[in-house]
(Lines of atoms letter the chains of each structure in order from A and count residues from 1; the text may use other names and numbers.)
(Lines give C-alpha, C1' and ligand atoms only; values in the text may rest on other atoms or scores of the structure.)
Protein backbone atom coordinates (compact mmCIF):
# COMPACT_ATOMS: atom_id res chain seq x y z
CA UNK A 1 0.00 0.00 0.00
CA UNK A 2 2.83 2.42 0.85
CA UNK A 3 4.14 2.10 -2.69
CA UNK A 4 0.72 2.81 -4.20
CA UNK A 5 0.59 6.58 -4.69
CA UNK A 6 -3.06 6.54 -5.72
CA UNK A 7 -4.12 4.81 -2.51
CA UNK A 8 -1.98 7.12 -0.41
CA UNK A 9 -3.48 10.19 -2.04
CA UNK A 10 -6.99 8.89 -1.44
CA UNK A 11 -6.18 8.18 2.19
CA UNK A 12 -4.61 11.60 2.65
CA UNK A 13 -7.60 13.35 1.09
CA UNK A 14 -9.96 11.40 3.34
CA UNK A 15 -8.01 12.42 6.44
CA UNK A 16 -8.00 16.06 5.32
CA UNK A 17 -11.76 15.94 4.79
CA UNK A 18 -12.38 14.39 8.20
CA UNK A 19 -10.16 16.98 9.82
CA UNK A 20 -12.01 19.78 8.02
CA UNK A 21 -15.37 18.38 9.09
CA UNK A 22 -14.21 18.10 12.69
CA UNK A 23 -12.95 21.69 12.66
CA UNK A 24 -16.16 22.89 11.05
CA UNK A 25 -18.27 21.07 13.62
CA UNK A 26 -16.17 22.50 16.44
CA UNK A 27 -16.60 25.97 14.99
CA UNK A 28 -20.36 25.52 14.73
CA UNK A 29 -20.57 24.29 18.30
CA UNK A 30 -18.50 27.25 19.44
CA UNK A 31 -20.69 29.67 17.52
CA UNK A 32 -23.86 28.07 18.83
CA UNK A 33 -22.79 28.80 22.38
CA UNK A 34 -22.27 32.51 21.79
CA UNK A 35 -24.48 34.83 23.88
CA UNK A 36 -25.98 36.37 20.78
CA UNK A 37 -27.96 33.15 20.26
CA UNK A 38 -29.35 32.97 23.80
CA UNK A 39 -33.15 33.11 23.61
CA UNK A 40 -34.28 36.63 24.42
CA UNK A 41 -37.65 37.04 22.76
CA UNK A 42 -41.00 35.27 22.40
CA UNK A 43 -43.48 36.39 19.75
CA UNK A 44 -47.06 35.22 20.33
CA UNK A 45 -49.65 35.27 17.56
CA UNK A 46 -53.10 33.83 16.95
CA UNK A 47 -53.68 30.99 14.53
CA UNK A 48 -56.89 32.67 13.35
CA UNK A 49 -58.03 36.19 14.16
CA UNK A 50 -57.00 37.76 17.46
CA UNK A 51 -56.23 36.24 20.83
CA UNK A 52 -58.83 36.99 23.48
CA UNK A 53 -57.45 35.31 26.57
CA UNK A 54 -53.83 34.27 25.94
CA UNK A 55 -51.19 36.99 26.30
CA UNK A 56 -47.46 37.18 25.74
CA UNK A 57 -47.05 37.76 29.48
CA UNK A 58 -48.87 34.54 30.36
CA UNK A 59 -46.79 32.57 27.86
CA UNK A 60 -43.53 34.02 29.24
CA UNK A 61 -44.58 33.29 32.82
CA UNK A 62 -45.36 29.68 31.94
CA UNK A 63 -42.08 28.82 30.23
CA UNK A 64 -39.80 30.96 32.42
CA UNK A 65 -37.34 28.67 34.16
CA UNK A 66 -38.55 25.68 32.14
CA UNK A 67 -36.89 26.57 28.85
CA UNK A 68 -33.33 25.32 28.38
CA UNK A 69 -30.88 25.74 25.52
CA UNK A 70 -30.54 28.52 22.98
CA UNK A 71 -31.73 29.29 19.47
CA UNK A 72 -30.12 26.11 18.12
CA UNK A 73 -30.56 23.68 20.99
CA UNK A 74 -33.98 24.51 22.49
CA UNK A 75 -36.34 21.51 22.46
CA UNK A 76 -39.36 22.87 20.59
CA UNK A 77 -41.50 19.83 21.34
CA UNK A 78 -40.94 20.32 25.05
CA UNK A 79 -41.82 24.01 24.68
CA UNK A 80 -45.04 23.08 22.89
CA UNK A 81 -46.07 20.67 25.62
CA UNK A 82 -45.40 23.28 28.30
CA UNK A 83 -47.35 25.97 26.44
CA UNK A 84 -50.38 23.74 26.04
CA UNK A 85 -50.73 23.76 29.83
CA UNK A 86 -51.50 27.51 29.68
CA UNK A 87 -55.21 28.20 30.32
CA UNK A 88 -57.16 28.82 27.10
CA UNK A 89 -54.43 27.29 24.88
CA UNK A 90 -55.87 24.39 22.90
CA UNK A 91 -52.91 23.94 20.57
CA UNK A 92 -49.53 25.65 20.15
CA UNK A 93 -46.92 25.43 17.41
CA UNK A 94 -43.35 26.73 17.85
CA UNK A 95 -40.72 27.79 15.34
CA UNK A 96 -37.38 29.55 15.64
CA UNK A 97 -37.00 33.19 14.64
CA UNK A 98 -33.47 34.27 13.82
CA UNK A 99 -31.29 34.95 15.71
CA UNK A 100 -32.57 34.61 19.29
CA UNK A 101 -36.36 34.35 19.45
CA UNK A 102 -39.20 31.86 19.30
CA UNK A 103 -42.44 32.47 17.43
CA UNK A 104 -45.47 30.87 19.09
CA UNK A 105 -48.71 30.36 17.18
CA UNK A 106 -51.65 29.70 19.48
CA UNK A 107 -55.09 28.22 18.86
CA UNK A 108 -57.38 29.26 21.71
CA UNK A 109 -60.27 27.24 23.05
CA UNK A 110 -63.60 28.51 21.73
CA UNK A 111 -66.11 28.10 24.53
CA UNK A 112 -69.36 26.27 23.92
CA UNK A 113 -70.55 26.24 27.53
CA UNK A 114 -69.98 25.10 31.11
CA UNK A 115 -69.21 21.43 31.73
CA UNK A 116 -70.14 19.63 34.96
CA UNK A 117 -70.17 22.89 36.95
CA UNK A 118 -66.43 23.60 37.26
CA UNK A 119 -65.03 23.07 33.76
CA UNK A 120 -65.64 24.41 30.27
CA UNK A 121 -66.54 22.69 27.01
CA UNK A 122 -65.12 23.89 23.70
CA UNK A 123 -66.58 23.67 20.22
CA UNK A 124 -64.62 20.47 19.53
CA UNK A 125 -66.39 18.70 22.39
CA UNK A 126 -63.32 18.83 24.66
CA UNK A 127 -63.48 19.85 28.32
CA UNK A 128 -60.81 22.14 29.74
CA UNK A 129 -60.04 24.24 32.80
CA UNK A 130 -59.92 28.04 32.72
CA UNK A 131 -61.26 31.06 34.58
CA UNK A 132 -65.04 30.74 34.47
CA UNK A 133 -65.42 34.48 34.97
CA UNK A 134 -63.48 35.17 31.77
CA UNK A 135 -65.63 32.67 29.90
CA UNK A 136 -68.85 34.46 30.89
CA UNK A 137 -67.69 38.00 30.11
CA UNK A 138 -70.05 38.18 27.14
CA UNK A 139 -73.04 36.69 28.98
CA UNK A 140 -74.31 33.49 30.54
CA UNK A 141 -73.24 30.26 28.87
CA UNK A 142 -75.22 27.09 28.18
CA UNK A 143 -74.76 24.44 30.83
CA UNK A 144 -73.80 20.87 29.96
CA UNK A 145 -73.32 17.74 32.00
CA UNK A 146 -72.63 14.08 31.44
CA UNK A 147 -70.55 11.06 32.41
CA UNK A 148 -66.78 11.18 31.87
CA UNK A 149 -65.92 10.76 28.20
CA UNK A 150 -69.31 11.95 26.90
CA UNK A 151 -68.21 15.51 26.06
CA UNK A 152 -68.20 15.07 22.27
CA UNK A 153 -71.58 13.33 22.34
CA UNK A 154 -73.15 16.14 24.39
CA UNK A 155 -71.67 18.86 22.14
CA UNK A 156 -73.02 17.09 19.06
CA UNK A 157 -76.46 16.69 20.66
CA UNK A 158 -76.52 20.38 21.57
CA UNK A 159 -76.02 21.35 17.93
CA UNK A 160 -78.83 18.99 16.91
CA UNK A 161 -81.19 20.38 19.56
CA UNK A 162 -80.63 23.93 18.33
CA UNK A 163 -81.71 22.83 14.88
CA UNK A 164 -84.68 20.79 16.11
CA UNK A 165 -86.14 23.60 18.23
CA UNK A 166 -85.47 26.35 15.66
CA UNK A 167 -89.08 26.28 14.30
CA UNK A 168 -90.41 27.60 17.64
CA UNK A 169 -87.49 30.05 18.07
CA UNK A 170 -86.09 28.72 21.34
CA UNK A 171 -82.63 27.43 22.23
CA UNK A 172 -81.48 24.84 24.76
CA UNK A 173 -79.88 26.50 27.77
CA UNK A 174 -79.05 23.27 29.62
CA UNK A 175 -78.33 19.81 28.21
CA UNK A 176 -77.77 16.90 30.59
CA UNK A 177 -76.87 13.30 29.80
CA UNK A 178 -77.54 11.12 32.85
CA UNK A 179 -75.52 8.14 33.98
CA UNK A 180 -78.17 5.96 32.29
CA UNK A 181 -77.61 7.89 29.04
CA UNK A 182 -81.01 9.55 29.13
CA UNK A 183 -81.31 13.12 27.87
CA UNK A 184 -82.77 16.06 29.78
CA UNK A 185 -83.06 19.54 28.28
CA UNK A 186 -83.99 22.98 29.57
CA UNK A 187 -84.98 25.61 27.02
CA UNK A 188 -84.40 29.36 27.11
CA UNK A 189 -88.07 29.80 28.06
CA UNK A 190 -87.58 27.78 31.26
CA UNK A 191 -89.34 24.71 29.89
CA UNK A 192 -87.70 21.44 30.98
CA UNK A 193 -87.99 18.36 28.81
CA UNK A 194 -87.31 14.68 29.42
CA UNK A 195 -86.26 13.14 26.11
CA UNK A 196 -85.29 9.71 27.37
CA UNK A 197 -82.66 7.48 25.84
CA UNK A 198 -81.60 7.55 22.22
CA UNK A 199 -81.37 4.19 20.44
CA UNK A 200 -78.07 5.37 18.94
CA UNK A 201 -76.57 6.00 22.40
CA UNK A 202 -75.04 3.50 24.79
CA UNK A 203 -77.79 1.44 26.39
CA UNK A 204 -80.55 3.07 24.32
CA UNK A 205 -83.67 0.95 23.83
CA UNK A 206 -86.47 3.34 22.75
CA UNK A 207 -87.73 2.62 19.24
CA UNK A 208 -88.49 6.29 18.40
CA UNK A 209 -85.57 8.59 17.71
CA UNK A 210 -85.03 11.74 19.75
CA UNK A 211 -85.56 13.88 16.67
CA UNK A 212 -89.00 12.42 15.98
CA UNK A 213 -90.05 13.02 19.61
CA UNK A 214 -88.93 16.64 19.45
CA UNK A 215 -90.64 17.21 16.11
CA UNK A 216 -93.89 15.84 17.52
CA UNK A 217 -93.70 18.27 20.43
CA UNK A 218 -92.64 21.26 18.31
CA UNK A 219 -95.61 20.74 15.95
CA UNK A 220 -98.02 20.93 18.91
CA UNK A 221 -96.24 23.59 20.98
CA UNK A 222 -98.13 26.65 19.72
CA UNK A 223 -101.49 24.95 20.09
CA UNK A 224 -100.64 23.86 23.64
CA UNK A 225 -99.65 27.37 24.71
CA UNK A 226 -102.79 28.84 23.18
CA UNK A 227 -105.39 26.35 24.39
CA UNK A 228 -103.91 24.93 27.57
CA UNK A 229 -101.39 27.45 28.87
CA UNK A 230 -97.68 27.94 29.37
CA UNK A 231 -95.87 24.60 29.58
CA UNK A 232 -93.21 24.23 32.27
CA UNK A 233 -92.37 20.53 31.80
CA UNK A 234 -92.76 18.02 29.01
CA UNK A 235 -92.13 14.28 29.05
CA UNK A 236 -91.48 13.04 25.53
CA UNK A 237 -90.67 9.45 26.42
CA UNK A 238 -94.11 8.13 25.39
CA UNK A 239 -94.15 6.14 22.11
CA UNK A 240 -97.27 7.82 20.69
CA UNK A 241 -97.49 11.16 22.47
CA UNK A 242 -96.16 13.18 25.38
CA UNK A 243 -97.19 14.46 28.79
CA UNK A 244 -97.04 18.13 29.76
CA UNK A 245 -97.29 20.12 32.96
CA UNK A 246 -98.61 23.67 32.66
CA UNK A 247 -97.82 26.65 34.84
CA UNK A 248 -99.93 27.42 37.86
CA UNK A 249 -102.41 30.13 36.89
CA UNK A 250 -102.27 33.48 38.65
CA UNK A 251 -104.51 33.81 41.76
CA UNK A 252 -107.94 35.28 41.06
CA UNK A 253 -108.73 38.76 42.47
CA UNK A 254 -110.20 38.84 45.93
CA UNK A 255 -113.98 38.93 46.04
CA UNK A 256 -115.76 41.89 47.61
CA UNK A 257 -116.81 39.72 50.55
CA UNK A 258 -113.15 39.03 51.35
CA UNK A 259 -113.33 35.33 50.49
CA UNK A 260 -110.47 33.75 48.61
CA UNK A 261 -110.76 31.50 45.61
CA UNK A 262 -108.66 28.34 46.01
CA UNK A 263 -105.58 28.34 43.81
CA UNK A 264 -105.47 25.78 41.06
CA UNK A 265 -102.77 23.15 41.03
CA UNK A 266 -100.47 22.57 38.04
CA UNK A 267 -102.20 20.57 35.36
CA UNK A 268 -100.66 17.59 33.60
CA UNK A 269 -101.95 16.60 30.20
CA UNK A 270 -100.95 13.80 27.89
CA UNK A 271 -100.98 14.89 24.25
CA UNK A 272 -101.48 12.42 21.44
CA UNK A 273 -100.79 13.19 17.84
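Residue numbers (my numbering): 14 to 286.
Here a beta-carbon is modelled for each residue, glycine too, at the ideal position from N, C-alpha and C.
Model, not experiment: these values are computed from the prediction.
Inter-residue distance for residue 253 and residue 200 is about 23 Å (C-alpha atoms, whole angstroms).
Comparing alpha-carbon positions, the option among 116, 167, 86 and 150 lying closest to residue 134 turns out to be 167.
Contact between residue 239 and residue 257 is absent: CB atoms are separated by about 13 Å, not below the 8 Å threshold. For residue 111, the closest alpha carbon among the candidates 52, 197 and 77 is that of 52. A direct Cα-Cα distance of roughly 11 Å separates residue 227 from residue 198. Spanning the alpha carbons of residue 95 and residue 131 requires a straight line of approximately 23 Å. Taking the CA atoms as reference points, residue 123 sits about 9 Å from residue 148.
Judged by DSSP in its simplified three-state form, residue 179 adopts helix. Listed in chain order, the non-local C-beta contacts of residue 89 below 7 Å within the same chain comprise 107, local neighbours out to five positions each way being set aside. One alpha carbon belongs to residue 165, the other to residue 177, and they sit about 18 Å apart. In the same chain as residue 99, and ignoring 5 residues on each side of it, the C-beta atoms closer than 7 Å to its own belong to 67, 71, 72 and 75, in chain order.
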